[in-house]
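The first sequence stops at residue 878 when you use numbering that gives the first Met the number 0, and every number in between is there. Remarks on the structure that follows.
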Amino acid sequence: MEDERKFPDYEAKWQKFWDARKKATSQSTEPKSDREFYVLSMFPYPSGKLHFGHALPYTLTDAMARYLRMRGYNVLNPTGWDAFGLPAENAAIENKIHPSKFTYDNIDAMRKQKHAFGYSFDWDREVFTCRPDYYKWTQWIFLQMLEKGVAYRKKARVNWCTQCHTVLANEQVETVVKDGDEFQACFRCESRVIPKEIDAWFLRITAYADRLLDGLDKLGDQWPERVATQQRYWIGRSEGVNIDFTANLAKPQKLTVFTTRADTVFGVTYVALAPEHPLVEQIIAQSDARQAARLREFVKETLGMSEQDRAGEAEKEGVNTGFKAVNPLSGEEVPIFVANYVLMYGTGAVMAVPAHDERDHEFASDYRLPVKQVIQQPGGTEVDVKQAAFTGHGKLVNSGRYDGQTTEQAIRQIAADLKAAGKGGPQVNYKLRDWGISRQRYWGCPIPVVHCTACGIVPVPEAELPVTLPGDVDFLPTGQSPLTLHPDFQRTKCPKCGREDARRDMDTMDTFVDSSWYYLRYTDPQNAERIFDRAKAHHWAPVDLYIGGREHAILHLIYARFYTRFLHDIGLIDFEEPFQRLYAHGLIQGESIRVVNEHMNRYVSQEEFARLKKEGKAKDSDITRRIEKMSKSKKNGADPTELMNQYGADATRLAILFLGPGDADSVWDPNGMKGPYGFLRRWYDTVLQYAPLVEDLPELPAGTAYSQAAKALRAGAHGLIDKVSREFEGRYAFNTAIAAGMALLNDIHTYMRGFANPLTADLPSRHALREAFDAMVQTLSPFVPHTAEELNQALGNEGSVFDRPWPKADPAAMKLDEIELPVQVNGKVRGTIRLPAEADKATMEKLALDNDNVKKFVDGKTIQKLIVVPGRIINVVAK
RNA sequence: GCCGGGGUGGCGGAAUUGGCAGACGCGGCGGAUUCAAAAUCCGCAGUCCUUCAGUGGGCGUGUGGGUUCAAGUCCCACCCCCGGCACCA
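Set out below in structure tokens:
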């Protein structure tokens with residue numbers, strides 16, 4: 000064991016070699032041609048350690064980049080750090096490390112890991128979102144948005160921790176049960192979280208809703224369908240009709256409802272308001288004391304719930320206000336309710352049609368409200384709307400002059416009539432809401448505005464950017480945003496009127512803002528004058544292939560698409576879609592084992608379980624195995640860096656790719672290293688053993704004949720080139736490309752066994768072997784670059800394998816003289832025939848029918864049909 | 001509930017245009033090597049039946065139907081698993 004050679008021992012050597020000859024990527028200002036290719040993997044948050052969630056996309060990206068360079072493309076493959084964010088700030092609070100130090104230490108560690116994997120990133124273009132030279136431009140874009148009215152300020156409801164005095168994201172609110180009381184609590188201090196209205200900055204993404212939607216159609220199959228549909232759903236365009244009811248308060252008031260089913264308007268039996276609806280205040284004011292108290296209590300209780308709770312399984316509840324609303328079409332008077340199931344979506348008020356809406360039906364049943372059928376099922380089948388709502392389309396009944404119309408006709412007609420009468424009309428709504436970007440946090444991009452007691456909100460002048468995050472802040476574990484405790488940062492002069500008592504905005508931006516435009520900065524990362532040079536950006540952008548996780552299907556990807564459109568609109572770029580093709584890689588999960596018995600009740604690792612079993616402390620029936628996302632607490636993780644230290648970078652890269660197709664979720668098997676590692680070793684040993692046979696071969700005279708075995712091997716070699724090339728040209732199922740490489744190595748072994756003494760092999764046979772070795776080295780080099788370099792050298796080739804052009808499969812070499820063809824009788828394979836590849840149909844038929852076993856099955860029957868698919872199959876139909 | 005993706009040997013997965021299902025790898029079994037083991041190399045392997053053997057056959061891609069000379073692949077109905085969304089009127 001001790002003296003066994005370390006394999007591989009050449010990886011660091013080749014990394015140094017690559018570093019030494021690495022040229023900076025082109026700074027060209029030529030417009031992008033079809034020779035430029037921008038491949039990008041989502042940049043990581045510097046958590047401190049490279050994990051499987053990184054290793055898969057980077058390996059995919061690196062393989063693509065290396066392949067494309069060999070194909071002669073100018074490739075841009077940058078990386079950087081999404082470096083602002085909460086974990087750094089929490090580390091600061093908990094461990095008293097400055098977020099900046101925490102972040103940069105992590106970056107240094109992760110950069111080393113990325114390098115050790117042999118990834119060929121353009122390190123000279125590294126960007127850091129937390130550096131002033133980057134966030135200066137994040138702030139600059141914000142100011143452009145402010146000027147264009149895309150950024151604006153409004154009151155918003157947020158989750159507010161009563162102890163930490165800060166805003167929490169929805170994911171940071173948990174449900175806690177204490178003394179039998181269940182409530183929403185802060186994830187850090189477990190104190191109560193309440194909804195609170197605060198002033199915050201918003202970006203008007205809703206103004207881009209239709210363009211974002213249209214863009215998805217144009218991307219077509221370049222984006223995974225599931226991501227596109229998720230975005231469509233998130234945007235949630237809904238076409239309907241606004242209908243103005245009249246609320247009979249002290250003074251009649253307009254009460255507008257939004258509906259997608261205007262055809263059911265004659266079935267309205269009540270109107271329901273969201274508790275936030277502005278009319279609710281007036282109603283309370285005009286109610287008697289008891290009723291007002293009831294309403295107030297109800298509103299308070301409903302709004303006190305987090306949005307999740309309210310949207311969850313909560314019972315539908317409401318309060319009859321005692322006021323009535325008049326239906327503009329039927330003239331009927333119906334009661335007005337305030338109800339917890341009505342959201343502030345659309346107008347915040349709905350016309351309730353219990354006969355044709357499930358939610359209204361449920362509420363009406365509980366509150367004994369009338370149910371009035373106005374839609375008849377097509378075909379005239381009776382439906383009992385008392386039992387359940389009928390939500391399908393149909394023909395109108397009980398609807399005055401609209402009786403007999405179809406749902407579609409009636410919606411159109413009613414919308415038109417309402418519009419003509421000035422009582423509403425067609426309306427489009429979106430689920431998408433404007434993007435609130437204010438965060439009461441320290442470790443983020445400062446918002447470049449000043450609040451002046453005289454001038455109000457004043458943008459920081461462009462010349463004064465960036466507004467720098469102060470470094471000297473206290474990180475007392477109070478949970479308070481440190482910027483609020485930093486008087487020097489806050490206090491400033493008003494840029495407009497010069498007043499001394501102005502103060503800076505103390506919030507920072509959501510980190511999704513930082514990552515919404517980073518792909519453009521890579522095209523000109525050091526530009527100190529401008530956000531980027533227009534021409535340089537157009538040399539590379541947009542991104543041709545974007546590789547990242549599905550967890551970003553909505554937020555990041557929709558924000559980046561929005562930002563790109565905004566930058567387009569202000570004339571910075573001339574395209575609207577940032578990412579031409581999106582490749583959503585799968586999640587690598589691990590198998591967890593949980594032991595529950597008299598000794599323990601906890602997660603254990605695979606190794607620990609094996610040990611416990613040996614010691615008799617656990618048995619198979621005590622455990623639950625589950626496939627779960629890798630995590631420390633579940634002890635089902637695998638650390639790619641540990642694997643790399645043990646087996647080398649190439650074997651780890653290979654194992655990751657060999658796990659399955661990159662876009663499918665897969666489960667990490669601790670034995671998954673063995674195959675790929677063994678393959679690399681065998682390959683290496685084989686090349687070194689036979690390299691002397693194939694070095695410095697003289698040219699093969701034209702027309703030299705190969706032996707049958709040599710021909711078969713050549714067919715395999717060219718087949719591999721063809722196979723791998725096709726995977727790179729679109730499908731990216733590299734697991735099958737690697738399998739093909741393994742298969743060729745097996746073929747080489749079979750081939751070599753065919754020689755009694757390989758040293759006497761003739762020249763053509765040696766050439767065939769050489770071709771197979773070269774094909775393997777070249778086609779597998781994008782996956783295992785170090786080993787490919789080493790073996791390329793061992794074969795006597797000069798320089799780097801990556802300087803050799805990508806090989807081209809020779810179709811003639813892929814063809815065999817003689818092929819095997821299966822013969823079916825009535826659809827079942829009954830024999831195989833060998834025949835010359837170019838045999839004609841008649842020969843094929845004859846050989847097929849001459850086959851003994853085929854004869855046996857055809858015997859006594861009449862041949863009705865003979866189907867010959869050249870090169871594939873022969874099927875004899877006999878009855 | 002809605003949307004999306006899946007279901008193939010003991011396991012991960014392959015089958016690219018409807019044409020020999022199970023490539024490649026793991027694990028397993030047998031053999032060589034070894035004092036022995038590890039490592040390595042060679043071979044076997046969907047399953048059931050058949051044959052002394054070579055062999056030959058039945059059944060097989062979640063279930064049930066269909067189209068076709070031929071279906072993992074296409075169509076209809078259903079079951080299960082994973083992911084996302086979920087009172088959006």
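Note that CB positions come from ideal geometry on N, CA and C, so glycine has one too. A quick note: this is a predicted structure, and the numbers were derived from the prediction, not measured.
- V875 counts as buried, since at least 16 other C-beta atoms from the protein chains shown sit within 10 angstroms of its C-beta.
- Secondary structure within the region 791 to 870: the alpha helix (DSSP H) runs of 4 or more consecutive residues, fully enclosed, are 810 to 813, 840 to 849 and 851 to 857 (chain order).
- For A199, the enclosing beta strand (DSSP E) stretches over residues V192 to L202.
- Note on geometry: alpha-carbon atoms of A736 and E381 lie some 60 angstroms from one another.
- The three-state reading of DSSP puts D243 in strand, counting E and B together.
- Take A206, set aside five residues on each side of it, and no residue of its chain has a beta-carbon closer than 6 angstroms to its own.
- DSSP places T263 within a helical segment (H, G or I) once states are collapsed to three.
- Separation of I197 and V427 (C-alpha to C-alpha, rounded to the nearest whole angstrom) is 28 angstroms.
- With a threshold of 16 other beta carbon atoms within 10 Å, Q688 falls short and is exposed.
- For the pair D816 and D649, the Cα-to-Cα distance works out to about 37 angstroms.
- Here P7 has G647, D649, A650, L679, Y683, H785, T786 and E789 as same chain residues with Cβ atoms under 8 angstroms from its own Cβ, once five neighbours each way along the sequence are excluded.
- DSSP lists A501 as the bridge partner or partners of T491.
- Secondary structure note for G548: its beta strand (DSSP E) is the uninterrupted segment V542 to G548.
- In the three-state reduction of the DSSP assignment, N745 falls in the helix class.
- In this structure E88 touches R440 by the C-beta definition: roughly 6 angstroms separates them, less than 8 angstroms.
- Taking a contact as a CB-CB distance under 8 angstroms, the pair V264 and N326 counts as one, their CB atoms being some 7 angstroms apart.
- Taking every protein chain shown into account, the CB of A704 has fewer than 16 other CB atoms within 10 angstroms, so this residue is exposed.
- Every unbroken stretch of the beta strand (DSSP E) spanning 3 or more residues and falling wholly within the region 655 to 741 is given here in chain order: 665 to 667.
- Cβ atoms of K634 and S591 come within 8 angstroms of each other, at about 7 angstroms.
- DSSP places F36 within a strand segment (E or B) once states are collapsed to three.
- CA-to-CA, the gap between I866 and A388 works out to about 57 angstroms.
- Here E357 has A388 as same chain residues with Cβ atoms under 6 angstroms from its own Cβ, once five neighbours each way along the sequence are excluded.
- The DSSP assignment places complete beta strand (DSSP E) segments of no fewer than 3 residues inside the region 385 to 446 at 423 to 428, in order along the chain.
- Unbroken alpha helix (DSSP H) runs of no fewer than 4 residues, entirely contained in the region 340 to 384, are found at 357 to 365, following chain order.
- Comparing alpha carbon positions, the residue from L848, I872, A877 and V853 closest to I862 is A877.
- Rounded to whole angstroms, the separation of the alpha carbons of F127 and Y44 is 10 angstroms.
- According to the DSSP assignment, L272 belongs to the beta strand (DSSP E) that extends over Y269 to L272.
- G303: not part of any alpha helix (DSSP H); DSSP gives it neither H nor E.
- Annotated three-state conformation of E789 is helix, per DSSP.
- In this structure, K100 sits away from L49, with a CB-CB distance that is not shorter than 8 angstroms.
- Judged by their CB atoms, I96 and W80 are not nearer to each other than the 8 angstroms cut-off.
- Close CB contacts of V267 within its chain, under the 7 angstroms cut and outside five residues either way in sequence, are with N326, V333, M350, A351 and V352 (chain order).
- Excluding five sequence positions before and after R833, the CB atoms of its chain that fall closer than 7 angstroms to its own CB belong to E817 and E819, given in chain order.
- Cβ-Cβ separation between F772 and F733: approximately 21 angstroms, too far for a contact (criterion under 8 angstroms).
- In the three-state DSSP reduction, I557 falls in the helix class (H, G or I).
- In the three-state reduction of the DSSP assignment, E275 falls in the coil class.
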